[in-house]
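Colleague: All you need for the working numbering is the position in the sequence shown, starting with 1, plus 1. Below you'll find the structure I mean.
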Amino acid sequence: MDKQKHLDIIQGVINRMANCSFLIKGWTITITAAIFGLAAKDADIRYVIIAYMVIPFFWLLDAFYLSKERQYRALYDEVRIKDENDIDFLMDTSNYDIGRCTWWNSFFSKTLNIFYIPLFGVVLIIMFVFKTI
Numbered sequence: 002m003d004k005q006k007h008l009d010i011i012q013g014v015i016n017r018m019a020n021c022s023f024l025i026k027g028w029t030i031t032i033t034a035a036i037f038g039l040a041a042k043d044a045d046i047r048y049v050i051i052a053y054m055v056i057p058f059f060w061l062l063d064a065f066y067l068s069k070e071r072q073y074r075a076l077y078d079e080v081r082i083k084d085e086n087d088i089d090f091l092m093d094t095s096n097y098d099i100g101r102c103t104w105w106n107s108f109f110s111k112t113l114n115i116f117y118i119p120l121f122g123v124v125l126i127i128m129f130v131f132k133t134i
C-alpha cells in the first residue's frame, strides 16, 4: 500500500513537470507570435530581434522542467523495484542529476530541439522577409 501511494505521489510530480513544459511551449509560441504582430504593425525589424532573446529564455526554462521530470522518472523506477518495507516516501532527486537527467543534456534533447530549432528558423526567415520589405 505504501509503495503504491509513493508511486502515485511521484507520478503526480512527473505530470506537473510535463504540464509545465507544455505550457512553456504554448507561451513561447504566443509571445513569439505577438512579437511578430508588433513587428508587422510597426514595420520595425527590431521587434523580431527580441524574439531571439525570448526563445532561448523559454528553451532554458523548458530544459529545466524536462531535467526535473527525468529525475523524478528515475526516482519512480527506483521506488518501483524497492521492497514494500523499504518505502520511505523520500522525494529527493539530487542523486539523479547525472547523465541524461542534467539540465545541459535536457537542453539538447531531441524533444526540445524538434520544437525550438525550427522556431529559430522561422524567426530567421521572417527577419529576412521584413528586411526585404
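We treat Cβ as the ideally placed atom computed from N, Cα and C, and that holds for glycine.
Whether or not the segment 59-79 and the segment 102-116 are in contact is what I'm after, with contact meaning three or more pairs of Cβ atoms, one per stretch, closer than 8 Å; do they touch?
Modeller: The segment 102-116 is in contact with the segment 59-79.
Colleague: Please classify Phe58: is it buried, with 16 or more other beta-carbons within 10 angstroms of its beta-carbon, or exposed?
Modeller: Under this definition Phe58 is an exposed residue.
Colleague: State the DSSP-derived secondary structure class of Ser107, mapped to helix, strand or coil.
Modeller: Helix.
Colleague: If you draw a straight line from the alpha carbon of Val124 to that of Thr112, how long is it in whole angstroms?
Modeller: Going from the Cα of Val124 to the Cα of Thr112 covers about 19 Å.
Colleague: Using a Cβ-Cβ cutoff of less than 7 Å, which residues in the same chain neighbour Ile127 once the five nearest sequence positions on both sides are dropped?
Modeller: So the list reads Phe37 and Val49, once near-sequence residues are dropped.
Colleague: By how many angstroms is the C-alpha of Asp98 removed from the C-alpha of Lys83?
Modeller: Rounded to the nearest angstrom, the two C-alpha atoms are 20 Å apart.
Colleague: CA-CA distance, Phe23 and Lys6?
Modeller: When rounded, the distance between both Cα atoms is 26 Å.
Colleague: Could I get the ranges of all uninterrupted alpha helix (DSSP H) runs contained in the segment 24-100, with 4 residues as the minimum, in chain order?
Modeller: Counting only runs of 4 or more, we get 47-82.
Colleague: Please classify Met128: does DSSP put it in a helix, a strand, or coil?
Modeller: Three-state DSSP puts Met128 in a helix.
Colleague: For Met2, does the three-state DSSP call read helix, strand or coil?
Modeller: Met2 falls in the coil class under three-state DSSP.
Colleague: Rounded to whole angstroms, how far is the Cβ of Arg71 from the Cβ of Arg101, which I believe are closer than 8 Å?
Modeller: Indeed they touch by this definition, with Cβ atoms about 6 Å apart.
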